[in-house]
Structure formats: C-alpha cells, structure tokens
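Enquirer: Protein chains in written order, with the numbering used here: chain P, 1 to 113; chain U, 1 to 111.
Note that the Cβ used here is the ideal one computed from N, Cα and C, for glycine as well.
The model shown is predicted, which means the values in this text are computed figures rather than measured ones.
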Amino acid sequence: NAGVTQTPKFQVLKTGQSMTLQCAQDMNHNSMYWYRQDPGMGLRLIYYSASEGTTDKGEVPNGYNVSRLNKREFSLRLESAAPSQTSVYFCASSEALSNQPQHFGDGTRLSIL
Amino acid sequence: EDQVTQSPEALRLQEGESSSLNCSYTVSGLRGLFWYRQDPGKGPEFLFTLYSAGEEKEKERLKATLTKKESFLHITAPKPEDSATYLCAVQGPGSARQLTFGSGTQLTVLP
C-alpha cells in the first residue's frame, strides 16, 4: 500500500533556482495538502486543494504555487528559492476537508544555499 | 486563532513506566482533535481522532482522551518501539478546515 508518495526525497538548490515537488496519492482521496515542518515549530499549511480543480492558500503561501493536476496528483512549485524555504515538506491527503484524518507522505528534505 | 500547546517537549521513560502526554488547545468550535506519531525521517502517522469531550480511543498501549480544553495521550507499559515524536492537531470551523499542529512531544523509551 503506497498511500502518499513524494518525490524527490532530498534536494539541494541554490538561491534563485526553481523546482517542483511532486505528490501522488492512491487512496482516492478528494482533498490534498502541502505542509512545511521546521525545527521547534508545528507543521504549517502552505496550500490545500479541497477537490480536483480547486486550490486555496493556507497559513504560509508566500513564495509557493501549487497545481492540482488530477485527483491523484498535487504539486508544489518554488519559483525562486530562498534560504528561508529550507525545510521539510510534507504532502497529505484526506477523504474530505472536514473531520477526516489526513494521511502523510514521508516528506521532501529541501536545502537552499 | 487556533492554538495548540504540547507538553512536555521531551520525555524519557524506562520500559514499562507508564506516563501521559498533554495537548492543550484553544479553538472556537472543535471539529476534531487528531493524534499522530512521527518517526525520524518519516511523515506523521495517524493514530486517533477525537470529536467531543469525554470521548476516548485506544490502540495497543496508547489511550487518547479529550476534555473541553485538553487531550491526553496515555502510554501504558511503554516499549522501546514506542519511541517517537507524538503530534497533536486540532481542526476548527471555517472554510479551510485546516489542521493546527502543536510542536510535539519527543518520547524516548529506554530498555
């Protein structure tokens, strides 16, 4: 059971470079999310997609864009990476937005020099 | 603004020594409180959802309880494999229905 799959697992970028983090889920979930996790802080929501065709900003959206490619896939793009975006990024999915547990991938560890 | 505070930040137990982790929350209209376990280098793994005060859920050595202001994760006779960071999150009303996470309790169980 794959669940939520994220690629790549690790990435090092230089300031100003761009990249896209990929996420796919095989649980037929409607809602998908992107979080970042920084030391000493809780997981913070960057963007979410309630259902295929919709995306909305979360708590910390600045510097990021997202695309809900289809029901399974939700990508996160950094257009011009900054050192402050060094973090671990997690993708999650749930059956619906409300009252449902979110299931997480194993993360992408991103370092920006 | 929803807030979640977990305590202690870190806890070291001997194998078999039972204890509790605390999650205090502030949210107007709780939709759900979620407990997760996170191992190093992995994503959070879902454990429990609690919806209303007085509710309890159990899974093996773990038992989660909920009041109107806090939740406890009780660990009975822990084993070394229970070592992990335990995260608490709340979901309030509103269109986003987003989760607000605490910073976690890092549990170490010594053999």
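(1) Restricting to Cα atoms, I'd like to know which of U:64, U:6, U:32 is closest to residue 85 of chain U.
(2) Pick out the complete beta strand (DSSP E) segments inside the stretch 22-83 of chain U, 3 residues or longer, and give them in chain order.
(3) For residue 85 of chain P, which of helix, strand or coil comes out of DSSP?
(4) Helix, strand or coil: which one does DSSP assign to residue 57 of chain P?
(5) So the candidates are U:100, U:33, U:78; which of them puts its Cα closest to the Cα of residue 68 of chain U?
(6) How long is the line joining the alpha carbons of residue 15 of chain U and residue 74 of chain U, rounded to whole angstroms?
(7) DSSP state of residue 18 of chain P, grouped into three classes?
(8) Terminal residues of the continuous beta strand (DSSP E) containing residue 62 of chain P?
(9) Work out the CA separation of residue 24 of chain U and residue 72 of chain U for me, nearest whole Å.
(10) Reducing DSSP to helix, strand and coil, say where residue 6 of chain P ends up.
(11) Does the CB of residue 44 of chain P have a neighbour CB from chain U at under 9 angstroms?
(12) May I ask which residues mark the beginning and end of the beta strand (DSSP E) holding residue 31 of chain P?
(13) Leaving out five residues on either side along the sequence, give the residues of the same chain with a beta carbon under 8 angstroms from the beta carbon of residue 55 of chain P.
(14) Under three-state DSSP, which class holds residue 67 of chain P?
(15) How close, in whole Å, do the beta carbons of residue 113 of chain P and residue 19 of chain P come, if the pair is a contact with beta carbons under 8 angstroms?
(16) If you follow the beta strand (DSSP E) that residue 102 of chain P is part of, which residue opens it and which one closes it?
(17) Put residue 18 of chain U into one of helix, strand or coil per three-state DSSP.
(18) Pull the bridge partners of residue 109 of chain P from the DSSP assignment, please.
(19) Between the alpha carbons of residue 93 of chain U and residue 31 of chain U, how many angstroms are there, rounded?
(20) Do residue 60 of chain P and residue 72 of chain P come within 9 angstroms of each other at the CB atom, strictly closer than that value?
(21) Does the beta carbon of residue 43 of chain U sit closer than 9 angstroms to a beta carbon anywhere in chain P?
(22) Please decide whether residue 26 of chain P counts as near chain U, where near means a Cβ-Cβ distance under 9 angstroms.
(23) Verify whether the separation of the beta carbon atoms of residue 108 of chain U and residue 13 of chain U is less than 9 angstroms.
(24) Along the beta strand (DSSP E) that carries residue 107 of chain U, what are the first and last residues, could you check?
Expert: Taking the geometry as given:
(1) In terms of Cα proximity to residue 85 of chain U, the closest of U:64, U:6, U:32 is U:6.
(2) The qualifying runs are 32-38, 45-50, 56-59, 62-66, 70-75.
(3) In the structure shown, residue 85 of chain P sits in a helix (DSSP, three-state: H, G or I).
(4) The DSSP-derived three-state label of residue 57 of chain P is strand.
(5) Comparing alpha carbon positions, the residue from U:100, U:33, U:78 closest to residue 68 of chain U is U:33.
(6) About 14 angstroms.
(7) Reduced to three states, the DSSP call for residue 18 of chain P is coil.
(8) Premise fails: residue 62 of chain P is in no beta strand (DSSP E) and is neither H nor E.
(9) If you take the alpha carbons of residue 72 of chain U and residue 24 of chain U, they lie about 9 angstroms apart.
(10) In the structure shown, residue 6 of chain P falls within a strand segment according to DSSP collapsed to helix, strand and coil.
(11) Residue-level contact check: residue 44 of chain P touches chain U, since one or more beta carbons of chain U fall below 9 angstroms from its beta carbon.
(12) 31-37 is the extent of the beta strand (DSSP E) around residue 31 of chain P.
(13) 47, 48, 49, 66, 67, 68.
(14) Residue 67 of chain P falls in the strand class under three-state DSSP.
(15) Not a contact, Cβ separation roughly 13 angstroms.
(16) Neither: residue 102 of chain P is in no beta strand (DSSP E) and is coded neither H nor E.
(17) It is coil, neither helix nor strand.
(18) Answer is P:10, P:88, bridged to residue 109 of chain P.
(19) Between residue 93 of chain U and residue 31 of chain U, the alpha-carbon positions lie close to 6 angstroms from each other.
(20) No; because the gap between Cβ atoms is not below 9 angstroms, this pair is not in contact.
(21) It does; some Cβ of chain P falls within 9 angstroms.
(22) Not closer than 9 angstroms to any Cβ of chain U, the Cβ of residue 26 of chain P fails to qualify, so no.
(23) Yes; because the gap between Cβ atoms is below 9 angstroms, this pair is in contact.
(24) In this chain, the beta strand (DSSP E) harbouring residue 107 of chain U covers 105-110.
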